[in-house]
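Residue 211 in UniProt numbering sits at position 211 of the sequence shown; the count goes up by one each step and never skips. In this text, a Cβ means the ideal position worked out from N, Cα and C, and glycines have one as well. None of the values given here were measured: they were computed from a predicted structure.
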Amino acid sequence: MIIELTERQEYILNIVKENGPITGEHIADQLSLTRATLRPDLAILTMAGFLDARPRVGYFFTGKTGSQLLTEKVKKLTVQDYQSIPVVVNESNSVYDAICTMFLEDVGTLFVVNTDSFLVGAVSRKDLLRASIGNQDLEAMPVSIIMSRMPNIAVCEKNDLVIEVANKLIEKQIDALPVVKTVQDNQLEVTGRVTKTNITKVLVDLSHDQID
């Protein structure tokens, strides 16, 4: 839901711009309202970032526009807020099994793990399509033959910024990144995934939260 500032909230902003820092009581006096009536509006403007407040000083205008506040919010979003469940296959699984998994799970990238469940590679739609062309026995061909191998796989961690991951997806021209955590002997365990769909969800959520 897009939140639009009311006429009164816009008027409050103008008062604070011209007179800040100013107390809530003085704002209320200028609007001929009680402090209790004004409190929800001041809370919205403060939480949104348009105003800031200091004890015994009052409210003051932050000088930030709606677009600046939106940019600041984007730069604070982390992977753990938007990651989804990873889809993995074992390196010994056949290419045929990988194709079935990809279509059943409706994903564009599979992450490949070894017998210890550590990340060893990734397989994309293009990899599987390439392997399907010709007379190869897909049920006899292991995924490990066609996968992209570590350390050539771009990864991310749950505390990485979403904007940095989006840049990686664009730079590498790939559909997804595995979310990993480092375990024993610097091995990587797959804990999630971030895809172009996840990034799209970020944009949709931000548009819903936008304050005009």
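Report the option in M150, I99, E139 whose CA atom is closest to the CA atom of L128.
I99
Could you check if M102 is buried or exposed, using at least 16 other CB atoms within 10 Å of its CB as the buried criterion?
buried
Our contact map puts P55 next to G192 with C-beta atoms below 8 Å; I'd like the distance itself, whole angstroms only.
Wrong, their Cβ atoms sit about 41 Å apart, outside the cutoff.
Tell me the DSSP bridge mates of N93?
None, per the DSSP bridge assignment.
Whether or not the segment 136-144 and the segment 163-171 are in contact is what I'm after, with contact meaning three or more pairs of Cβ atoms, one per stretch, closer than 8 Å; do they touch?
no
Have a look at T197, L169, I199, E157 and flag the residue whose alpha-carbon is nearest the alpha-carbon of K181.
E157
Backbone secondary structure at G192 - three-state DSSP
strand
Can you tell me which of the three DSSP states R149 falls into?
strand
Should N90 and V113 be called a contact, given that it needs their Cβ atoms to be closer than 9 Å?
yes
Residue span of the alpha helix (DSSP H) that contains P21, given as start and end:
Element bounds for P21: n/a, residue is neither H nor E.
Helix, strand or coil: how does DSSP classify F50 here?
coil
Can you list, in chain order, the residues of its chain with a C-beta nearer than 8 Å to that of R149? Leave out the 5 residues immediately preceding and following it.
V120, G121
By a C-beta neighbour count over all protein chains shown, 10 Å radius and 16 as the cutoff for buried, is R183 buried or exposed?
A small correction: the amino acid at residue 183 is Val; Arg does not occupy that position in the sequence shown. When all chains shown are included, V183 counts as exposed.
Leaving aside the five residues before and after L38 along the sequence, list all residues of the same chain whose C-beta is less than 8 Å from its C-beta, in chain order.
The residues are I12, G24, I27, A28, L31.
Separation of L161 from I211, as counted between CA atoms
Note that I211 scores a pLDDT of 40, beneath 50, so its modelled location is shaky; the value from the coordinates is reported in the next line. Going from the Cα of I211 to the Cα of L161 covers about 22 Å.
Flag this pair as touching only if the segment 170-181 and the segment 103-110 have three or more C-beta atom pairs under 8 Å; answer yes or no.
Touching, yes, given that three or more Cβ pairs across the two stretches are closer than 8 Å.
Closest by CA to E4, which one among D41, E18, F60?
D41
Note the first and the last residue of the continuous alpha helix (DSSP H) segment covering V162.
162-172 is the span of the alpha helix (DSSP H), which, as asked, contains V162.
Residues in the same chain with beta-carbon distance under 8 Å from R130, minus the five sequence neighbours each way, listed in chain order, please.
I146
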